[in-house]
Every structure is written in C-alpha cells, then in structure tokens.
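**Student:**
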Amino acid sequence: MNYAIVFRLLGYILLCEGALMGLPALVSVIYGEWNILWVFLFTIALCCVIGGALTRIKPRSKIFYRREGCVTAALTWILISVMGAVPFVLSGAIPDPIEALFETVSGFTTTGASILADVESLPMGILFWRSFTHWIGGMGILVFLLAVLPLTGGSHVNLMKAESPGPQVEKMVPSVRQTAAILYGIYLGMTLIQIVFMLAGGCPLMDSLLITFGSAGTGGFGIKNDSMGSYSTYIQVVTTVSMILFGVNFSAYFYLIRGKFRKVLIEEVRWYFGVILAAIALISWNIRGMFPSLLQAIQQAAFQVGSIITTTGYSTCDFDQWPAFAKSILVLLMFIGACAGSTGGGMKISRVILLAKSIRKEIAQTLHPSVVSPVRVDGKPVDHETIRSTNVFMAAYLILFAASVLLVSLDGESLVTNFTAVAATFNNIGPGLEGVGPMTNFGLYSGFSKLVLTFDMLAGRLELFPLLLLFVPDTWKKF
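With the working numbering applied, the sequence shown covers 3 to 481.
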C-alpha cells in the first residue's frame, strides 16, 4: 500500500470539503444565523488544518494502482462524512454523533434516509448543507478532485473506477482530467437548467436550489415535512422529469452533445425508459381509484416511479397506503436502480441486463451444448471478466443484504420495516415501507442498527468492494 499518496489525496479532499462548506456559511450570513456561522467556520478551519498537514506528505512513488484507488475512495467517503457531521453536532441540530453521521452519510451517498421528524425547524444554513451534500455526492467528490486539480503520475482512472457507479467505467476522452471535467460540466449544466425551470414555476429561490440539489444528486432530502407533497403539480412534474434524466448514463449526454446520436440510445438507456414506462402504466392502473382522475394517478405514479428507480427518494404522497401490487413494483424498482454512470444507485440497469442475458445463455447452452453464443450488449460481445465481476457483485450484494436484515432485526421491528429499511439504504433510495415509510423516518432504530444502515449506505454507493477492502489485512501491506 502506497500510504503517502493515499494520505496526500485525503488531504486534498479535506481542503475541497472545507472550501465547499463556504457556501452554507454564506447562507448563514445571508439569513443572519450567526450562531450557525461559527460552526461552519470552525469546521472549515479544522478541514484546512488537517488537510494542509496531509498534503505536505511527499510520496516517494506516484504509482497509483487499483488498490490505492479503492482504499482512497472508501476512506474519502468516510472522512468527508465524519467532517460533514461536525456542523450537525456543534449546532445542536442533531446532537447525537451516531445520528449525525447517519444523516451525513445519507446525504453524501445520496440516500435521503433521515432520522429527523421536523426538518422545517432546522436553521437555513444547516438545511442548505444537508441538501448540498446530495449535490456533492451525486457525481462524486473524487471526480470533482480529478476535474479541478492537475494530479500527475499513476493511473488516476482507478479513482474514477472506484467511485463511479456501474460495472464498467470508461474515459470519454483520453485524459482522465478532461473526462472528469466533462462529467461535472454536464452535471452543472443540467442542475442550472432545473433551477431555471423551478424558478419559472414560482418556486422560491432557496427551495429551487435545495430541491434541485436533491434531484440532481438523486438524493431526496426533503426541505418540507411532507417532502414534495405541498408543492404545485408543475414543480412536481419538473422534478419528475429531472430525476429521470439524472438517472441516465452521463455518457449518453456527452454523445448527444457531440452529435453521435447512435450512441445515445444504447441498450441500457432503452431498457431504463422501457422499465419506467411499464411501471408507470401498471401502477397508474392499480391506483386509478385513489385519485380524482386518471391523469392525476398517472402524474403521482410517474413521480414515485421516477423517484424510486433513480434512488432519489422524494415523495408526494404516502405510497405506503397504495395497493400491494403497486408497492411491490416500487420495491422491485428499488433493486433495479438507474443507469451505470449516472448519479443514481441500486444494482443498475446494466447489471440486470447482463444477468438476464447470462441466464438466457445458460438455458440455451443446456439445450444446445455445442452452440457457442456469447452474451452481447448493443451488438458487441461482453468479455468474461465483466460477466464474472457482475456475478461476484450479486453474490456479495445478497450476502451483505441478508446479514444487514438479520442485524437490524435485533431491534424487534416488523419484517417489512427491516427489509425495506435495508433495501432503502443499501440501494441509496431513502424511504421504505411501514415503519420507515415516506411519511416516517429512521429514528426508530437503535444506534447499533443505524451504524449497520450507515455501512449499507456507504457500501451501496461505492459498489461494495472498495469498502470491503478496508477489512482485508492484505490491503494494508506495503509493496
């Protein structure tokens, strides 16, 4: 393990986090929240002192292997979450350190699961920071670091691979830094477009910013106690469209800008929109009697489908009261997730496609053993390594999921509550059903269960293995 280069990168991460905390500090000044301002100033100073000390470390070697990439990604997300929780604790908004860590990890991992019952009572500076963590975590703070800092030496694509969601990560252009800059440019552009549409609908500026942070990062921290229920239909429709668009592989937008239209509607994107349309149609039919008109039922179904499949977690109504068929579809969407290379969580559409095609291949080879039929996506054969890694991911996913359900069940909550709580955190969704439904929160769980669910949020955001590597002794051996 090249400790020096890992610690130096962690120092840069802390400096970036300190700089980003300047925005909620500014909001505190605008709203005259001087007691909150000092909290952010103290945290910024702490980030600068520790980060500055770490960046002075001079690594003897700049070789950056996959191991360093995974460890740096895992430690980065733990470190920014710990430091991000400091304002919650010092301000008294969430005095319990475990609960503050849970809330912060939920923010950075764009989960949106909360332990707060009354978010409207929070100071605006804290409320801004809480939602801003979604936007930071949506594209990834390491991707941001690659975009703004001229890092040299080693293969820094390993950082992007360790943090970016999906079975495959590729560079759009030869330079990793340019690729990261392109990703953040698209991300920022789409964010600004949504803010403009929100303002055009009469939404207040601060509400527009915070709601957009949640939908852009597919996070879902509501700034109202009823999440999105009290906003107009126009605002809800704009948010629905935005959530769905942020769940698309960002490579598709890059090719769209370049005029390479054949690469835009790749198989994953086609399946993504196909699943969304099918889910909206089925749920709308199932809940049509619960709303004054079919059109309103479609609008509500579209919002919840978009929110769940993109793992955003906003809600406009208590879908825990919907029929079992509609709720079952939403639970299935929790596991499917959005596209690889998007800001969404879950298993990803691409993995579901690979698994389905692998099953079909095995069935075909059982019937015709002599026929060689490779798994193809977009007409191209998928290499064995990608299929193997997908199968291993699924095995690890199921084992960790089952273990988490078992551990949180020690609190004595119902099976549906425990199962959907783990599904909601592991897949970075936000709300579950029953005790952790859209109109409730995760405050009912003990400190131990909150730590388990915090681990699940981090593991789900980092695609399991970067976090699991921290527990393997060989990871820490020097070379």
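Every residue, glycine too, gets a C-beta built ideally from N, C-alpha and C.
Ignoring anything shorter than 4 residues, give me the alpha helix (DSSP H) runs that lie fully in the stretch 202 to 234, in order along the chain.
**Tutor:** 207 to 218
**Student:** Would you check if the distance between the CB atom of Ser93 and the CB atom of Val41 is smaller than 8 Å?
**Tutor:** yes
**Student:** Report the residue from Phe293, Ile361, Ala366, Ser286 whose alpha carbon sits nearest the alpha carbon of Lys329.
**Tutor:** With distances taken between Cα atoms, Lys329 lies closest to Ser286.
**Student:** For the stretch 230 to 242 against the stretch 312 to 321, do three or more pairs of beta-carbon atoms, one drawn from each stretch, fall closer than 8 Å, so that the two count as touching?
**Tutor:** yes
**Student:** Does DSSP put Arg58 in a helix, in a strand, or in coil?
**Tutor:** Arg58 carries a coil assignment under DSSP once its states are collapsed to helix, strand and coil.
**Student:** Hey, how far is the Cα of Ile52 from the Cα of Thr78?
**Tutor:** 14 Å
**Student:** Are Met245 and Ser344 close, meaning C-beta to C-beta below 8 Å?
**Tutor:** no
**Student:** Would you mind stating whether Cys49 and Leu103 have Cβ atoms separated by less than 8 Å?
**Tutor:** no
**Student:** Could you check whether Val250 and Tyr233 sit closer than 8 Å to each other, using their CB atoms as the reference points?
**Tutor:** no
**Student:** What first and last residue would you give for the alpha helix (DSSP H) that runs through Ala76?
**Tutor:** 68 to 93
**Student:** Looking at C-alpha atoms only, which residue of Ile237, Phe293, Tyr447, Tyr257 is the closest neighbour of Thr181?
**Tutor:** Tyr257
**Student:** Answer yes or no: the CB of Ser93 versus the heavy atoms of the ligand FAD, is any distance below 7 Å?
**Tutor:** This structure lacks the ligand FAD, and indeed carries no ligand of any kind.
**Student:** Tell me which same chain residues have a C-beta within less than 6 Å of the C-beta of Ser411, skipping the five on either side of it?
**Tutor:** The beta carbon of Ser411 sits closer than 6 Å to those of Asn420, all from its chain and outside the five residues before and after it, given in chain order.
**Student:** Roughly how many whole angstroms lie between the Cα atoms of Ser123 and Leu357?
**Tutor:** 45 Å
**Student:** What are the partner residues of Arg132, as DSSP defines its beta bridges?
**Tutor:** BP columns for Arg132 are empty, so no partner.
**Student:** Let me check understanding here. Comparing Cα to Cα, which of Trp478, Ala281, Val384, Trp137 lies closest to Pro25?
**Tutor:** Reading off the sequence, residue 25 comes out as Leu, not Pro. Ranking the options by Cα distance to Leu25, first place goes to Trp137.
**Student:** Can you grab the Cα-Cα spacing for the pair Tyr226 / Ser217, in whole Å?
**Tutor:** In the sequence as displayed, the identity of residue 226 is Lys instead of Tyr. Distance between the alpha carbons of Lys226 and Ser217: 15 Å.
**Student:** Could you tell me the alpha carbon to alpha carbon distance between Ala304 and Phe263, rounded to whole angstroms?
**Tutor:** Using only the alpha carbons, I get a separation of about 26 Å.
**Student:** Can you list, in chain order, the residues of its chain whose CB lies under 7 Å from that of Asn443, leaving out five sequence neighbours each side?
**Tutor:** Only Ser116, Ile117, Leu118, Ala119 meet the Cβ criterion.
**Student:** Just confirm the distance between the C-beta atoms of Gly114 and Gly221, as a whole number of angstroms; I'd bet it's less than 8 Å.
**Tutor:** 5 Å
**Student:** The alpha helix (DSSP H) with Pro468 in it runs from where to where?
**Tutor:** 467 to 470
**Student:** Across which residues does DSSP place Lys350 in a beta bridge pair?
**Tutor:** DSSP, once it has assigned bridges, lists no residue as partnering Lys350.
**Student:** When you compare each of Asn429, Phe428, Pro206, Val424 to Glu436 by their alpha carbons, which one comes out closest?
**Tutor:** When each option's Cα is compared against that of Glu436, the closest is Val424.
**Student:** Classify Pro26 as helix, strand or coil using the three-state DSSP reduction.
**Tutor:** helix
**Student:** Check whether the Cβ atoms of Val377 and Ile365 lie closer than 8 Å to each other.
**Tutor:** no
**Student:** Does DSSP put Leu262 in a helix, a strand or coil?
**Tutor:** Note that residue 262 corresponds to Lys in the displayed sequence, not to Leu. Secondary structure at Lys262: coil, using DSSP grouped into helix, strand and coil.
**Student:** Return helix, strand or coil for Pro383, following the three-state DSSP convention.
**Tutor:** strand
**Student:** For Ile100, collect the residues of the same chain with a Cβ closer than 6 Å to its Cβ; drop the 5 residues on either side in sequence, then sort them by chain order.
**Tutor:** Gly449, Lys452
**Student:** Near Asp413, which residues of its chain fall below 7 Å by C-beta distance, leaving aside the five closest residues on each side in sequence?
**Tutor:** Tyr447, Ser448, Ser451
**Student:** Let me know if Pro433 comes out buried or exposed under the rule of 16 or more other beta-carbons within 10 Å of its beta-carbon.
**Tutor:** When all chains shown are included, Pro433 counts as buried.
**Student:** Report all residues from its chain with a CB closer than 7 Å to the CB of Lys359; omit the five preceding and five following residues, and keep chain order.
**Tutor:** For Lys359, the CB contacts under 7 Å within the same chain, skipping 5 residues up- and downstream, are Val377 in chain order.
**Student:** Between the Cα of Phe321 and the Cα atoms of Val438, Val384, Leu211, Asp209, which residue gives the shortest distance?
**Tutor:** Val438
**Student:** Mind listing, in chain order, the continuous alpha helix (DSSP H) runs of no fewer than 4 residues lying wholly within the stretch 281 to 338?
**Tutor:** 296 to 311, 326 to 338
**Student:** Thinking just about the alpha-carbon of each residue, which of Cys341, Gly139, Lys265 is nearest to the one in Thr312?
**Tutor:** Cys341
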